[in-house]
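Numbering (our numbering), first residue to last: 1 to 279. From the three backbone atoms N, C-alpha and C, an ideal C-beta is built for every residue, glycine too. One structure is given here, and the rest of the page talks about it.
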Amino acid sequence: MRVLPFIFLLLAATARAGDVFDMHVHLHDAANSARAFEADAASAKLELAGYAGMWFGGPNQAAQGDPAAIRAANDAQLALAKEHPKMLPVATVHPYDGEAALAEVARVAGLGCKVLKLHPHTQQFDAADPRVLAIAKRAGELGLVVMFDNANILPGDSEKLFNLAVQAPKTKFLFAHIGAMNFRFWNVLPMARTADAFFADNIHFDLSGTITVVADSPLEPEFVWTLRNVGIDRVLLGSDYPQFSLASSVEALDRLDLTEAEKAKIRVGNARRLFGLAP
Ligand SMILES: [Zn+2]
Numbered sequence: 001m002r003v004l005p006f007i008f009l010l011l012a013a014t015a016r017a018g019d020v021f022d023m024h025v026h027l028h029d030a031a032n033s034a035r036a037f038e039a040d041a042a043s044a045k046l047e048l049a050g051y052a053g054m055w056f057g058g059p060n061q062a063a064q065g066d067p068a069a070i071r072a073a074n075d076a077q078l079a080l081a082k083e084h085p086k087m088l089p090v091a092t093v094h095p096y097d098g099e100a101a102l103a104e105v106a107r108v109a110g111l112g113c114k115v116l117k118l119h120p121h122t123q124q125f126d127a128a129d130p131r132v133l134a135i136a137k138r139a140g141e142l143g144l145v146v147m148f149d150n151a152n153i154l155p156g157d158s159e160k161l162f163n164l165a166v167q168a169p170k171t172k173f174l175f176a177h178i179g180a181m182n183f184r185f186w187n188v189l190p191m192a193r194t195a196d197a198f199f200a201d202n203i204h205f206d207l208s209g210t211i212t213v214v215a216d217s218p219l220e221p222e223f224v225w226t227l228r229n230v231g232i233d234r235v236l237l238g239s240d241y242p243q244f245s246l247a248s249s250v251e252a253l254d255r256l257d258l259t260e261a262e263k264a265k266i267r268v269g270n271a272r273r274l275f276g277l278a279p
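If you want it as structure tokens, here you go:
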């Protein structure tokens with residue numbers, strides 16, 4: 001069989017032990033944080049395929065009413081990513097800034113940004129507001145992946161995000177923390193896929209934070225079952241650095257009762273495909 005050597009090579013390439021993409025990195029202190037994050041990964045012997053870096057969250061907030069400040073911070077993040085080639089810069093807007101927010105989405109997309117993140121809890125907006133849908137649709141038209149916090153701090157978090165994804169079928173979404181301790185909700189997706197012309201299968205997840213809690217817990221079998229139900233191809237590893245280290249997140253993934261091929265997809269393969277990164 002001529003194809004066998006090729007298959008073995010492919011398996012070897014996708015299963016390099018240290019190769020990892022972190023979907024969820026907060027850089028509170030810009031260049032200093034990027035250097036510290038990359039140094040942490042190197043000292044844990046992790047080979048970074050890349051990481052999604054955000055300037056907001058923690059002490060830096062993207063509040064409503066000052067789109068010029070958000071624009072400047074997005075620009076600084078895009079500039080920082082030029083100094084750190086492994087970084088995929090993540091931009092944000094405040095959906096209630098209306099036209100200014102829509103214009104900023106188009107501007108960052110034009111500058112090559114691939115991810116827009118919105119955070120209903122810290123940015124204090126309602127994910128069910130029509131201005132959020134307008135941003136999500138515009139971002140999707142421009143090819144941006146729209147990332148949302150999905151830690152279920154706000155009531156109805158997962159329900160509102162699911163409805164948003166249904167209303168913006170052409171947009172790719174990525175829900176961070178996969179619902180946290182409410183991850184069970186997302187087992188609705190296999191049912192949604194069977195409904196006629198309802199769900200576009202446009203939802204991805206990162207496992208940040210949640211994975212460190214559920215690994216080796218009584219919930220682990222149900223969590224692994226959930227990952228397979230939402231689709232292993234839709235799941236990306238994340239750390240939520242500096243709250244959690246990438247090393248502890250990788251270690252938690254290793255502890256989950258998944259196959260090596262599934263782990264490799266979650267660790268790096270799915271991010272490569274979603275963001276078109278070089279293998
Ligand atoms: Zn976070």
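query                                                                                              : result
Straight-line gap, D40 to A49 (C-alpha atoms, nearest Å)                                           : 14 Å
Per DSSP, the bridge partner or partners of I203                                                   : F173
Delimiting residues of the beta strand (DSSP E) encompassing F37                                   : Note, F37: premise wrong, no beta strand (DSSP E); alpha helix (DSSP H) at A30 to S43.
Opening and closing residue of the beta strand (DSSP E) in which D19 lies                          : D19 to H26
Any non-hydrogen atom of ligand 2 closer than 7 Å to G57 Cβ                                        : This structure simply doesn't include ligand 2; it includes ligand 1 instead.
Stretch pair the segment 112 to 129 + the segment 50 to 62: three plus CB contacts closer than 8 Å : yes
Three-state class that DSSP yields for L115 in the structure shown                                 : First, the residue type needs correcting, since residue 115 is Val and not Leu in the sequence shown. Correct three-state label for V115: strand.
Cβ separation of P67 and E104, assumed to be a contact under 8 Å, to the nearest whole Å           : 6 Å
Distance cut-off 7 Å: H204 Cβ against heavy atoms of ligand 1                                      : no
Three-state secondary structure assigned by DSSP to N187                                           : helix
Status (buried if at least 16 other CB within 10 Å, exposed otherwise) for G238                    : buried
Nearest candidate by alpha-carbon position, reference R71, set V268, V90 and L174                  : V90
Neighbour-count burial assignment, M54, 16 or more Cβ in a 10 Å radius                             : buried
Which residues DSSP lists as bridging P279, in chain order                                         : According to DSSP, which records beta bridges pairwise, P279 is partnered with nothing at all.
Reference W186; option with closest CA among F198, A197, K172 and N150                             : N150
Assigned secondary structure, P218 (DSSP; H/G/I helix, E/B strand, else coil)                      : coil
Straight-line gap, A36 to L133 (C-alpha atoms, nearest Å)                                          : 36 Å
Delimiting residues of the alpha helix (DSSP H) encompassing G110                                  : E99 to G110
Close Cβ partners of V146 (< 6 Å) along its chain, the five nearest in sequence each way excluded  : L116, A136, A139, T171 and F173
Buried or exposed by the 16-neighbour rule on C-beta atoms within 10 Å, applied to A123            : It should be pointed out that residue 123 corresponds to Gln in this sequence rather than to Ala. The residue is buried, with at least 16 neighbouring Cβ atoms inside 10 Å.
Supposed close pair V224, L256 - CB separation, criterion 8 Å                                      : 6 Å
Whole-number beta carbon distance between L164 and C113, since they are thought to touch under 8 Å : Not quite, the Cβ-Cβ distance comes to about 20 Å (not below 8 Å), so this is no contact.
Reference D126, options E141, A106 and H94, closest by Cα                                          : H94
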